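Number of protein chains: 2
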Amino acid sequence: MPADQQPYPSVWARPQRTRREQPPLSREQIVSTALELLDAEGIDALSMRKLGARLNAGATSMYTHVTNKDELLELVVDQVYGEVEVPVAGDPAGWRAAVTRYAHSMRAALLRHPWIVSVLGEAGVAYLGPNVMRQNEAVLAVFEQEGFTLAAADRALNTVVAYVIGVSTSEAAWLTRLARSGRSEQEWAESLWPAAERAAQDYPRLRKLYAAQRDEHSSATRDDDFDAGLQCVLDGLAARFAPAGDAS
Amino acid sequence: MPADQQPYPSVWARPQRTRREQPPLSREQIVSTALELLDAEGIDALSMRKLGARLNAGATSMYTHVTNKDELLELVVDQVYGEVEVPVAGDPAGWRAAVTRYAHSMRAALLRHPWIVSVLGEAGVAYLGPNVMRQNEAVLAVFEQEGFTLAAADRALNTVVAYVIGVSTSEAAWLTRLARSGRSEQEWAESLWPAAERAAQDYPRLRKLYAAQRDEHSSATRDDDFDAGLQCVLDGLAARFAPAGDAS
DNA sequence: ACGGTCGTCGCACAGTGTTCGCAAGCCGTA
DNA sequence: TACGGCTTGCGAACACTGTGCGACGACCGT
């Protein structure tokens, strides 16, 4: 036995792992465990090794089901997208109500998983993920149902989604910082008040704004602001594309 | 001399580095070199060691000027923000023209540095960076000048910025993929056409849309789409906040 | 009973961000 | 001029990352 180096001191010390002690890995399993881990500990805590550990698996066992960490993240993003409520065309309340619900649902999903915004910049919107596709088709149907051209519906969809993603990006970034700080929202805001005051020193409008907003950091205000902006966007869409009007 | 281990074989082999052979590092220098590196090679290529090398400096020399890689990125983000054209209040063409210019300029800056969108999710919009502050003040001034309440101006600003960031996120992600692929835009789009077709199989609207858009992936189309959406948003703002109207 | 295939994983590699302590230049003071 | 402190640069080291490779075990079809 010319083996240059025995990996184990004796045959009897060999692992001998009890065969199938764990249900075999699957892509779904991996993706949803990754989602758990991300929600629990944030984007920095997601490493293949930790994920493996959480699955009672080796560090590299996931690579048979997923080619990349990046690919894994794309899958997770689509999974999150799957949490968004699918709008139904023909809602008697009209497209505005349906789209409003959709936008709120999407923002809620993004904020439930705030780490996601640091992934969107690389995954885009998981271009062809099944959930993304289903959602988009449904929203297009809503618009079309009420007289939008398909092209107009597409533009409208993109505009709404862009708005939602934009708002959520800032909000999620804020929430992440907040969570990392471990403090309450008011404490945290208070703690960086001096810096804000200094930064706004030469800018009267910002000073006034900050002073006015000083005590109203709350999720309720954010909800209202989001909805206000959203209604603006919808106004614009209505004016431009709605049946009575005309697609540019 | 009980030194357990001589770091150099002899005193004479010691570095004896020619004192100040390099202009000393400064924060500005570091930030703008980081920006260069990011533009040249993308977000994954930015490591402290590479950055150090590009500065003819050691791997850890930057830490006296910048506490963190994260902090460095915040600084870089603000730097990019500084490229955005500052609007001037009182433009005779009115707030729509000014804000339109501003939005286009901001999108252009983001797309000139597409890696930035993968950082926005963590940096937010570099909350208190000096350039961000200056920009925001200026835009608020534009709105206020034409009769918006300060609160309305704030909402309007946030809405516009959200839209710009949202659109740019998708676009930049696409551009990054494209660049990584090394192919031309048409080739690239063509290469993932089969996948798109398969993904859209059950969704007639998406199929139709994809088919229609198949040959028109170009930056001109994207510009138009962006502007169309932007005008929608501005319509909405006008209807809701402009002087004749009223802040909700 | 047995070859082939497939899922699993230990090891290893090249890299990462960051800490620590040392060295060397610079300043103000004695 | 001499000397102490302070700031700046940096090499080594640590803990940890994503991932390729090769071996090994368990399973399936014959």
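As you go down the protein sequences, you meet chains A and B in turn. Numbering-wise (my numbering), the first sequence opens with residue 6 and increments by one. Numbering-wise (my numbering), the second sequence opens with residue 6 and increments by one. In this text, a Cβ means the ideal position worked out from N, Cα and C, and glycines have one as well. Given the structure is predicted, the values throughout are model-derived calculations rather than measurements.
Check the Cα spacing between residue 52 of chain B and each of B/75, B/70, B/69 and B/30: the tightest is with B/75.
For residue 119 of chain B, the closest C-alpha among the options B/185, B/203 and B/241 is that of B/185. Contact annotation: residue 81 of chain B and residue 30 of chain B have beta-carbon atoms that are not nearer than 8 Å. Proximity to residue 198 of chain A across A/208, A/187, A/207 and A/212 peaks at A/212, based on C-alpha coordinates.
Among the residues facing chain A, residue 213 of chain B is included, as its CB has a counterpart in that chain under 8 Å away.
Of all residues in the region 166-191 of chain B, the ones placed with a Cβ closer than 8 Å to any Cβ belonging to chain A are 166, 167, 168, 169, 170, 171, 172, 174, 175, 177, 178, 179, 181 and 182, in chain order. Proximity to residue 70 of chain A across A/34, A/55, A/104 and A/247 peaks at A/34, based on C-alpha coordinates. Relative to residue 144 of chain B, the option among B/122, B/103, B/169 and B/135 whose CA is nearest is B/103.
For residue 96 of chain B, no CB of chain A lies under 8 Å from its own CB, so it is not counted at the interface with that chain. Nearest CB-CB separation between residue 99 of chain A and chain B: not below the 8 Å threshold. Just measuring C-alpha positions, the residue of B/246, B/41 and B/56 sitting nearest residue 156 of chain B is B/246. Per DSSP, residue 220 of chain A lies in no alpha helix (DSSP H) and is assigned neither H nor E. Going by DSSP, residue 199 of chain B is part of the alpha helix (DSSP H) stretching over 198-204. The CB of residue 63 of chain A never comes closer than 8 Å to any CB in chain B; the least such distance is about 25 Å. In this structure, DSSP gives residue 61 of chain B a state outside helix and strand, which the three-state scheme calls coil. Secondary structure note for residue 124 of chain B: its alpha helix (DSSP H) is the uninterrupted segment 122-128. Residue 208 of chain A sits in coil when the DSSP states are folded into three classes, being neither helix nor strand. Put simply, the region 156-174 of chain A touches the region 224-239 of chain B. At least three CB pairs are less than 8 Å apart. The criterion of a C-beta distance shorter than 8 Å is satisfied by residue 125 of chain B and residue 126 of chain A.
Around residue 215 of chain B, the same chain offers 201 and 205 as residues with beta carbons nearer than 6 Å, after the five sequence neighbours per side are excluded. By the beta-carbon neighbour count (other beta carbons within 10 angstroms, threshold 16), residue 91 of chain B is exposed. By the rule that beta-carbons nearer than 8 Å mark a contact, residue 208 of chain B touches chain A.
Approximately 15 Å separates the beta-carbon atoms of residue 100 of chain A and residue 142 of chain A; this is outside 8 Å, ruling out the contact. Around the Cβ of residue 171 of chain A, a 10 Å sphere holds 16 or more other Cβ atoms; the residue is buried.
Secondary structure at residue 109 of chain A: helix, using DSSP grouped into helix, strand and coil. Between residue 89 of chain A and residue 66 of chain A, the C-beta spacing is not below 8 Å. Here residue 72 of chain B has no same chain residue with a Cβ atom under 8 Å from its own Cβ, once five neighbours each way along the sequence are excluded. By the 16-neighbour rule on beta-carbons within 10 angstroms, residue 98 of chain B is exposed. CA-to-CA, the gap between residue 178 of chain A and residue 108 of chain B works out to about 21 Å. Here the C-alpha atom of residue 165 of chain B lies approximately 47 Å from the C-alpha atom of residue 63 of chain A. In this structure, the alpha-carbon of residue 128 of chain A lies about 12 Å from that of residue 137 of chain A. Residue 112 of chain A counts as buried, since no fewer than 16 other beta carbons sit within 10 angstroms of its beta carbon.
The residues 131, 134, 135, 136 and 137, in chain order, have a CB closer than 8 Å to that of residue 83 of chain A in the same chain once the five nearest residues on each side in sequence are set aside.
Put simply, of A/45, A/50 and A/79 the residue whose alpha carbon is nearest the alpha carbon of residue 32 of chain A is A/79.
DSSP places residue 167 of chain A in the uninterrupted alpha helix (DSSP H) bounded by 155-186.
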